[in-house]
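In the working numbering, the protein residues as written are 23 to 202.
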């Protein structure tokens, strides 16, 4: 049973995603990603399942801290963050070898942030800033970005109503969150 909105422990999110605090949205997204990581880490890796997004070992930074770092230092807005969630579904559908796991989630996030910022914003940072913030080399980010775009067939701009649906879904499934 969901807590009632009058409950002071419930975080009330604005109805319009454009006005929500990116850090709160980041918490909802990182919680969702961690559910996927826990699920997918339970399956053994098989030969031929390694992708460019796989790292040798999970990075030492949590998904929540990493996403917060991206939000703060790369100034990710709610539409960019929701597009990144959209990319999870789209990439997993169009690239069956890819899954969100402890070995892929960080590299997915920095790549998705870079692609979404370029695709949705009139102004965005340079790849060198995204690479520095994300902890990957400039060359590696360029290769990740190209692989990402090819796998998504260069279709990276979600419909506005799709972002609304993802936002509502994240808030509804988030423990202790509700829409106003």
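Where a beta carbon is used, it is the ideal one built from N, C-alpha and C, also for glycine.
- Rounded to whole angstroms, the separation of the alpha carbons of residue 125 and residue 168 is 19 Å.
- Within the DSSP bridge table, the entry for residue 199 names 33 as partners.
- Across the structure, residue 79 and residue 148 are spaced so that their CA atoms are roughly 27 Å apart.
- Taking a 10 Å sphere around the C-beta of residue 41, we find fewer than 16 other C-beta atoms and assign the residue as exposed.
- Taken atom to atom, the span from the alpha-carbon of residue 93 to that of residue 104 is near 12 Å.
- Around the beta carbon of residue 182, fewer than 16 other beta carbons sit within 10 angstroms, so the residue counts as exposed.
- By the Cβ neighbour-count rule, residue 118 is exposed, with fewer than 16 other Cβ atoms within 10 Å of its own.
- Comparing alpha carbon positions, the residue from 110, 153, 159, 55 closest to residue 84 is 55.
- DSSP, read as helix, strand or coil, puts residue 172 in helix.
- The beta carbon of residue 137 lies closer than 7 Å to those of 167, 170, 171, 178 in the same chain, with the five residues before and after it left out.
- If you look at residue 109, you'll find it in the alpha helix (DSSP H) that goes 100-116.
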